Ligand code: PEP
Ligand code: MG
């Protein structure tokens, strides 16, 4: 048996698919004239291999999917697709790999700029074909993460956030990684999709082999290779128990999110892609407190256009049927990379050029997004939230860009919600400390504990070596949370929380005691959180928070909060 850290509960049975890290480096080389024929041949052969693979895949599918593949095949067989690549070899003397990179990118860009939505979205297909052709040129063994066999358990050294955003969640029974923390975006997404996940499994990619039959327990972090009947039965029993708990929680779908003594709070969901809004609604989320818009960017191979973002935001707001949807503007950087942005490597990415800092610098990107959000606001209750605000000047600058976008839309006669609410994330200690000032200039706060913890205690959220120090129970973190809530209330605005702490039943009594108004969490935590809240008395929670705020050690806080919830 292997053991790691269970970060997404549940039981998974399936077959291992090892995801190897691809170290693809496309070098720009100048070839001699005599080599041109050879490089052209390599490109044609690589493309032909991709065509053959696609034809083979098509043998097993029918219906709409087959029609889509047929259209895809037609693009591959169109000679104009590789004309730019051929020219890059013939005229610029580029090597095959580099010629494919520049040739396909320029064709993709032409499609991306087309007004016709269908044609514009073909640019994704072209970039996908490019990646597959490059894979053949580099002789890589690739796995199409978007199309996996049923009951796949992905095993990797580390899954990047972009890889996770692409996963075929319908066919995944589990995720096992050697690295990664509980609050990495990969773990967060696994929980959203209720996929059992285990991190910190030493040498998992060496010990496990492709095709191995394994069973995993995402709660305890245990992995069984070729499980015995007894082990299987133990896990089946656990699965049954989890299922029973789920059924028991169903009754909270009909309850209000209110304490025993009548204090109402909002229970919202965090989502990554518009389709996640369906999971949120199914779990009776009363709104979306955090739409991590960067997943739209990570799910794409090129910068998403205003039109494609508008469609996505509109879809989310329409799925939520009139409930509030808070869209957080692009929060890229840190552990969320966008290859096509080609950002410079930084020594400390979490302290670097990211989120609102990047958006204020790259207003072309920022305005495209703000226009898309504003346009979608005509179709429901949307709100805008800026991430990583560290000062009042940043908030003012961001609001100024928003005003410019509103004016543009006014001039173009395009409708949007003129009263759209504008809020900020409180996830940097400096923002929490001046919360009362910030609150006067925006409509709501949402506390991002995932980052607030890392910046308060100086512990990177995904670094497993120091993960013991990363704790929401640290009294300094709790004091900053209190500062944010009090600051919001001093200006009569709402304070929410969308960090993972908001969905933790041990932490919820303290947050109720501190007066948090809105709890936004993983959709699958909503019913349990509602059950917890229904059992609380707000006066008891206030007393608890007064007691805890004076404590000096994280251990002491954790012990007291656990004791409190266990007595419920
Ligand atoms: C946070 O920092 O708490 C948060 C919700 O944002 P993210 O996890 O996407 O950084
Ligand atoms: Mg954050």
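In my numbering, the protein residues as written are 9 to 576.
Every residue, glycine too, gets a C-beta built ideally from N, C-alpha and C.
Every value quoted in this text rests on a predicted model; they were computed, and no experiment measured them.
Nearest Cα to residue 303 within the set 340, 98, 292 and 296: 340. Put simply, the residues with a CB less than 5 angstroms from any heavy atom of ligand 2 are 435, 456 and 459, in chain order.
With contact defined as three or more Cβ pairs closer than 8 angstroms, the segment 126-133 and the segment 167-177 are not in contact.
Relative to ligand 1, the beta carbon of residue 507 is positioned inside 6 angstroms of a heavy atom.
Going by C-alpha positions, residue 398 is about 49 angstroms away from residue 51. Judged by DSSP in its simplified three-state form, residue 565 adopts helix. Residue state for residue 370 is assigned as coil, using DSSP reduced to three classes. Taking every protein chain shown into account, the CB of residue 359 has fewer than 16 other CB atoms within 10 angstroms, so this residue is exposed. In this structure, residue 199 has its CB at a distance of at least 6 angstroms from all heavy atoms of ligand 1.
In its chain, beyond the 5 residues on either side, 562 have a beta carbon closer than 6 angstroms to the beta carbon of residue 479. Between residue 135 and residue 116 a beta carbon distance of about 5 angstroms is seen, short of the 8 angstroms cut, so the two are scored as contacting. For the pair residue 514 and residue 485, the CB atoms are not nearer than the 7 angstroms cut-off.
Within the segment 30-85, the complete alpha helix (DSSP H) segments of 4 residues or longer fall at 44-66 and 71-85, listed in chain order.
At a threshold of 6 angstroms, residue 300 counts as near ligand 1, since its beta carbon sits closer than that to one of the ligand's heavy atoms. Inter-segment contact for the segment 235-254 and the segment 35-55 is absent: fewer than three beta-carbon pairs are separated by less than 8 angstroms.
Annotation: the continuous alpha helix (DSSP H) that includes residue 108 extends over 104-120.
Here residue 292 has 261 as same chain residues with Cβ atoms under 6 angstroms from its own Cβ, once five neighbours each way along the sequence are excluded. In this structure, the beta-carbon distance from residue 335 to residue 385 does not fall below 7 angstroms.
Between the segment 252-272 and the segment 534-549 there are three or more inter-stretch CB-CB distances shorter than 8 angstroms, so the stretches are counted as touching. Listed in chain order, the non-local C-beta contacts of residue 488 below 7 angstroms within the same chain comprise 437, 440, 460 and 464, local neighbours out to five positions each way being set aside. With respect to the 7 angstroms criterion, residue 503 and residue 493 are classified as neighbours on the basis of their beta carbons.
When the Cα atoms are used, residue 153 and residue 162 turn out to be separated by approximately 9 angstroms.
In terms of CA proximity to residue 222, 243 leads the group 243, 208, 285 and 202. Contiguous beta strand (DSSP E) elements confined to the segment 187-223 occur at 205-207, taking only those with 3 or more residues.
If you look at residue 320, you'll find it in the alpha helix (DSSP H) that goes 314-327. Between the alpha carbons of residue 521 and residue 551 lies a gap of roughly 7 angstroms. When Cβ pairs closer than 8 angstroms are counted between the two stretches, the segment 414-426 is seen to touch the segment 367-387, the count reaching three or more. Using a 10 angstroms sphere on the CB of residue 230, the tally of other CB atoms reaches 16 or more, which defines it as buried. For residue 296, there is no enclosing alpha helix (DSSP H); the enclosing beta strand (DSSP E) covers residues 295-300.
DSSP, read as helix, strand or coil, puts residue 399 in coil.
Less than 7 angstroms divides the Cβ of residue 430 from the Cβ of residue 450. Here residue 182 is bridged, per DSSP, to 161. Per DSSP, the beta-bridge partners of residue 24 are 161. The way I'd put it, the segment 192-199 doesn't touch the segment 59-69; fewer than three beta-carbon pairs between them come closer than 8 angstroms. In the three-state DSSP reduction, residue 132 falls in the helix class (H, G or I). Here DSSP, grouped into helix, strand and coil, assigns residue 355 to coil.
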